[in-house]
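Everything below concerns the one structure shown next.
There are 2 protein chains.
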Amino acid sequence: MTRPKTVVEVAKLANVSAATVSRALNNPESVRGELRQRVLHAAQALGYTSNPAAAALRKRRSRVIAIVVPSLEDETFSRMVNGLQSVLVGQGYASFVQIAGFDNTQVFETVKGLFDRGAEALAIVGRIGDRRLIEHLRLRMIPTVAVYSRLDDGFIPSIGIDNKKATAKLLDLLLSRGHKNIAMIAGTTRGNDRQQARVKAFREIMSGVGDTEPIVHEIERHYGLDDGAAAFCATRREHPEVTAVMCTSHMIALGVLSKCREQGVRVPEDLSVTGFDDFSFSGLLKPSLTTLSVPTREIGRLAAEALIGKLDHERPIQSLELVPELMIRDSVSRAPSKR
Amino acid sequence: MTRPKTVVEVAKLANVSAATVSRALNNPESVRGELRQRVLHAAQALGYTSNPAAAALRKRRSRVIAIVVPSLEDETFSRMVNGLQSVLVGQGYASFVQIAGFDNTQVFETVKGLFDRGAEALAIVGRIGDRRLIEHLRLRMIPTVAVYSRLDDGFIPSIGIDNKKATAKLLDLLLSRGHKNIAMIAGTTRGNDRQQARVKAFREIMSGVGDTEPIVHEIERHYGLDDGAAAFCATRREHPEVTAVMCTSHMIALGVLSKCREQGVRVPEDLSVTGFDDFSFSGLLKPSLTTLSVPTREIGRLAAEALIGKLDHERPIQSLELVPELMIRDSVSRAPSKR
DNA sequence: CTGAAAGCGCTTACAG
DNA sequence: CTGAAAGCGCTTACAG
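Heads up: the sequence lines are chains A and B, in that order.
For any residue, its number in the numbering used here is found by taking its place in the first sequence, counting from 1, and adding 15.
For any residue, its number in the numbering used here is found by taking its place in the second sequence, counting from 1, and adding 15.
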């Protein structure tokens, strides 16, 4: 077990001071050509690598960013991480990527663990619902950006879409095709601004439209395919008049589609179905799913640029609103004229 | 901009030495009850958080692990990260997660960046094809485990499946259903042990079976849906006798399925199709896809335990072979008896 | 059980 | 352009 080499050892071999070694390595122009060569050779010969902890301690900079996502199973957030890293890597940043679940009210411990390990900035999906974390960020002035949703928040800037407008866009499509009895199947709204905004928008718009109260089925726990399917059965039992179902996630939508197939409900002839967040296979399903495509890779890229701008150049972080694209596919058709 | 508090400041407020603060925080039993309380209160009052760089420098431990995956778009690897983190978080480890592409021959710079930022161990998908990285790991004795594939490697332990056996399993299914003219559509094998092993296994087995040379179409660059579709067209043009297509990734399989649908090729009546790596939607496609399910979450969990065992208890890392499960679904049927 | 002191390895004013 | 020296904040033998 050979201990890693240090600047001092390199300095000795190159016959210079430790300071010069540091300079030659980090700021080559500041060292005369010949010396620089000697140092570089010595470092090479010894297989020197800088000790990041020592450098971070001295510089008070770690060049490490914390990325917190609800899940990575979801292409949506994977693409966002991809966008973030595509920028970060080129700028000499590494990133902790932490999966933290969908409930942002209890994320303090998890996120703090990343700061305790040196992260100096944070990109987190969605609104932070945990007071302790907000306080921590504020006190330590940690550069932070909330991604995916554009949120109105006095303190934390955000880069993403307006879930309310997005929901309206999707709903408008259904309304324009003559649907009136529309149900929403949503995931649990606890600590999840996306679900909250979508449900709220749906309720607001529908309360002026249908014959009944807006029909919303909120799945209690975190939702998978099966939960979507079960919620669909319940909704249909209670509201047989429904001709269109809006699902607030694609997992839910897939659950509904599979149940429809199983029960012989024809989509879109008998029932129109929409999802949320496009994914590679949306167009391959049968019927192919109508969804809203959120540009998460782009959001990630912009968030990374904003954080780096702040860290490296003291540039303030600007909130940005992006616009999702409506992907109209065969799972939506005109409402049946008579039931 | 208030500078973070230090042990010295906590010590002052609690009227003890810095050493005692450190002990009270890290090793509470070693400090008498009353003192401990005083320190904890003082730390609380000042909002003290330990400086991770300083601790890491002194302890020569960072409790940070590097996880390197080809992609996260792929549920396969997302699930693996999930498995890794499910163990790591509980043990006080954070993880860099780095997306590095599928070619493991040029990963040195990327991975080194993680070590340069404090990672002290590595979990990497697949065989490391980069000599410089192998040398770096060896010289610095960095605990490493290759995940996904069980590889024969003198130096780096691995946890995963045997891709050769896995391919044989899938191929046996097709052979047992009477298929003789089977084509494989593979992704580029460059720096990718999975693709290499699958192609090799296919060639070996098929060279004893069909009337012709084994039919393998290797997609040159990294493969998406479209590449799978294009490769399928080419294969079918050159080999109209083919009754079954083995795809070495699910993206390729989906590309093939979509092309079949477009061209009116009935699956599985006219053509059987298999994928690799099961994913949530495999059973929802029409036809639902026959694949092999690799337990990547479990692999991740085992890898995390192995690395922690090594780091915290000097326990050597054991290689492990896991067995993938064959998911037989409707995309495979008996070979047509006459063409 | 507690404290004084050394030192982890690096970078950066400060001199020259 | 280069070096000697200080110090980042923590932990841990070493004494007592």
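We put the CB at the ideal spot given by N, CA and C, even for glycine.
DSSP places Ile-200(A) in the uninterrupted beta strand (DSSP E) bounded by 197–201. With respect to the C-alpha of Ser-164(A), the residue from Glu-135(A), Leu-286(A), Gly-141(A) and Lys-180(A) having the closest C-alpha is Gly-141(A). Per DSSP, Ile-323(A) is not a residue of any beta strand (DSSP E); the alpha helix (DSSP H) it occupies stretches across 311–328.
For Ala-109(B), a Cβ of chain A is located within less than 8 Å of the residue's own Cβ.
The beta carbon of Gly-144(A) is closer than 6 Å to those of Asn-119, Thr-120 and Gly-206 in its chain, skipping five residues each way along the sequence. Linking Gly-202(B) to His-265(B) through their CA atoms gives a straight-line distance of about 11 Å. Shown here, His-232(B) sits in a strand according to DSSP, grouped into three states. Nearest C-alpha to Lys-325(B) among Ile-157(B), Ala-268(B) and Met-221(B): Ile-157(B).
When DSSP assignments are scanned along the region 25–86 of chain B, the uninterrupted stretches of beta strand (DSSP E) that are 3 or more residues long and fall wholly within it turn out to be 79–84. For Ile-114(A), the nearest CB of chain B lies under 8 Å from its own CB, placing it at the interface with that chain. At a beta-carbon threshold of 9 Å, the residues of chain A lying near Asn-97(B) are Ser-86, Leu-87, Glu-88 and Ile-114, ordered along the chain. At a beta-carbon threshold of 7 Å, the residues of chain A lying near Pro-67(B) are Asp-131, Arg-132 and Gly-133, ordered along the chain. In this structure, the CA atom of Glu-336(B) is about 45 Å from the CA atom of Thr-250(A).
Spatial neighbours of Ile-114(B) in its own chain (CB-CB distance under 7 Å, excluding positions within 5 residues in sequence) are listed in chain order as Val-84, Ser-86 and Leu-87. Residues of the region 164–182 of chain B that bring their beta carbon within less than 9 Å of a beta carbon in chain A are absent altogether.
DSSP places Val-96(A) inside the alpha helix (DSSP H), whose first and last residues are 90–103. Thr-64(B) reaches chain A at Lys-127, Phe-130, Asp-131, His-151 and Arg-155, counting residues in chain order whose Cβ is nearer than 9 Å. The bridge partners DSSP lists for Cys-262(B) are Ile-200(B). In the pairwise beta carbon analysis, the region 75–82 of chain A is classified as not touching the region 241–261 of chain A: fewer than three pairs are separated by under 8 Å.
With respect to chain A, the C-beta atom of Pro-158(B) has no partner C-beta closer than 8 Å. For the pair Leu-307(A) and Leu-341(A), the CB atoms are nearer than the 8 Å cut-off.
Distance between Ala-70(B) and Leu-304(B), taken at the CA atoms: about 51 Å.
For Met-342(B), there is no enclosing alpha helix (DSSP H); the enclosing beta strand (DSSP E) covers residues 340–342. Taking a Cβ-Cβ cut-off of 8 Å, the neighbours of Gln-100(A) in chain B comprise Gln-113 and Ile-114, given in sequence order. If you compare the alpha carbons of Ala-33(A), Glu-277(A), Phe-294(A) and Arg-236(A) with that of Cys-248(A), the shortest gap goes to Glu-277(A). Here Ala-58(B) is near Val-25(B), since their CB atoms are less than 8 Å apart. Sixteen is the threshold: when 16 or more other Cβ atoms of the shown chains lie within 10 Å of the Cβ of Phe-117(A), as they do, the residue is buried. Residue Glu-320(A) holds the alpha-carbon nearest to the alpha-carbon of Val-102(A) among Ser-37(A), Arg-53(A) and Glu-320(A).
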